[in-house]
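Letter by letter, the sequence shown follows residues 32 to 304 of our numbering.
We put the beta carbon where it would ideally sit given N, CA and C, even for glycine.
Owing to the predicted nature of the structure, the values given are computational and were not obtained by experimental measurement.
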Amino acid sequence: MKSATISTTNIAYVDRGNGSPVLLVHGFPLDHTMWRAQIEALADRCRVLAPDLRGFGRTPLGKTDASSGIAMEQYADDLAEFLDAIGIDEPVVLSGFSMGGYIAWQFVRKYGDRLRALVQCDTRAEADSAEARAGRLKMAENAAEWGSGRVAEMMGLKLFAPQSFTTKREAVALIRAVVEHTSPAAIAAAQRGMAARPDVTSLLPTIKVPTQIIVGVEDAISPPAEMKRIAAAIPNAQFVAIPAAGHMTTVENPVAVNDALSRFVEGFRPCFL
Ligand code: MLT
Numbered sequence: 032m033k034s035a036t037i038s039t040t041n042i043a044y045v046d047r048g049n050g051s052p053v054l055l056v057h058g059f060p061l062d063h064t065m066w067r068a069q070i071e072a073l074a075d076r077c078r079v080l081a082p083d084l085r086g087f088g089r090t091p092l093g094k095t096d097a098s099s100g101i102a103m104e105q106y107a108d109d110l111a112e113f114l115d116a117i118g119i120d121e122p123v124v125l126s127g128f129s130m131g132g133y134i135a136w137q138f139v140r141k142y143g144d145r146l147r148a149l150v151q152c153d154t155r156a157e158a159d160s161a162e163a164r165a166g167r168l169k170m171a172e173n174a175a176e177w178g179s180g181r182v183a184e185m186m187g188l189k190l191f192a193p194q195s196f197t198t199k200r201e202a203v204a205l206i207r208a209v210v211e212h213t214s215p216a217a218i219a220a221a222q223r224g225m226a227a228r229p230d231v232t233s234l235l236p237t238i239k240v241p242t243q244i245i246v247g248v249e250d251a252i253s254p255p256a257e258m259k260r261i262a263a264a265i266p267n268a269q270f271v272a273i274p275a276a277g278h279m280t281t282v283e284n285p286v287a288v289n290d291a292l293s294r295f296v297e298g299f300r301p302c303f304l
């Protein structure tokens, strides 16, 4: 992996292929490896950038405010700085997954002129319910004591379609291992940030760039019906349902996700050398 220095940390990232940039932003509490299959599939047609966000994978957490964590907007600021640091000044195709999607909405809001297109996978536009927010804050308060293993156990069942636990054992094991290796401090910081994230539904009709919405048909965290509403609210957005997948579409059905992403990116062919 490469490393880029920004004001808050050193971002570890994968940089593969040539041509116009596609920026892949992972979910919580994961790292760039959740995009492994997509990195492989896209690298022969564009430049794929897959960073580890602050505190995840190989990127150090850096300084954070323990009481407020890291806001989605701050992660978006990190991404803009990261692009500056590696000299990307042309617009990117930004693909966010779940928490990466919450961050992508903030990127759209603050850095819309840096976008060529947007792909939102298994994410939400609404803020949390009071109950969900309380659950996040409880995890943030207890993450150090619980340890990442317990967090992996708590989250595991919700991440996958039920049949994936028998048919996609390798993918389930990969994601579990990533969560187990994530530091409790990073988990706490991100949970506090997600708990405080704003509702962005009013942003959706203002999105001008081509947008693709991807969701697993059995996603229990960002359900298809909710993602369909997101697609309907964004002018001309394309909606893609991924069969045989829950929340973790990129690893549960990589073939279908790669196909959707590749076809979408092909639409910008003149830009992709
Ligand atoms: C994710 O996959 O990033 C998380 O499930 C997002 C969340 O906790 O809302």
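When DSSP states are grouped into helix, strand and coil, residue 109 belongs to the helix group.
The beta carbon of residue 263 sits closer than 7 angstroms to none of the beta carbons in its chain outside the five residues before and after it. Taking the Cα of residue 90 as reference, the smallest distance to any Cα among 193, 32, 284, 276 is reached at 32. Proximity annotation: the ligand MLT has residues 58, 59, 129, 130, 252 in chain order, each selected because its CB is closer than 5 angstroms to a heavy atom of the ligand. Between residue 221 and residue 101 the beta-carbon gap is near 6 angstroms, inside 8 angstroms, which marks them as a contact.
Within the same chain, 83, 87, 88, 209 come within 7 angstroms of residue 62 by CB-CB distance, once the 5 residues on both sides are set aside. Contact fails between the region 170-185 and the region 227-243, because fewer than three Cβ pairs, one in each stretch, are under 8 angstroms apart. Taking the Cα of residue 238 as reference, the smallest distance to any Cα among 189, 192, 151 is reached at 151. In the DSSP assignment, residue 194 falls outside any alpha helix (DSSP H) and carries neither an H nor an E.
Of the candidates 290, 106, 67, the residue whose Cα lies closest to the Cα of residue 46 is 67. Of 53, 257, 273, 196, the smallest CA-CA separation from residue 154 is found for 257. Per DSSP, the unbroken alpha helix (DSSP H) holding residue 73 starts and ends at 67-73.
Here DSSP, grouped into helix, strand and coil, assigns residue 270 to strand. In this structure, residue 185 sits away from residue 134, with a CB-CB distance that is not shorter than 9 angstroms.
Ranked by Cα distance from residue 98, the first of 242, 223, 164 is 223. Using a Cβ distance threshold of 9 angstroms, residue 136 and residue 156 count as a contacting pair. It is roughly 22 angstroms from the alpha-carbon of residue 36 to the alpha-carbon of residue 60. Short of 8 angstroms from the beta carbon of residue 267, and not among the five residues preceding or following it, lie these beta carbons of its own chain, in chain order: 241, 242. Put simply, the backbone Cα of residue 196 is about 28 angstroms away from that of residue 164.
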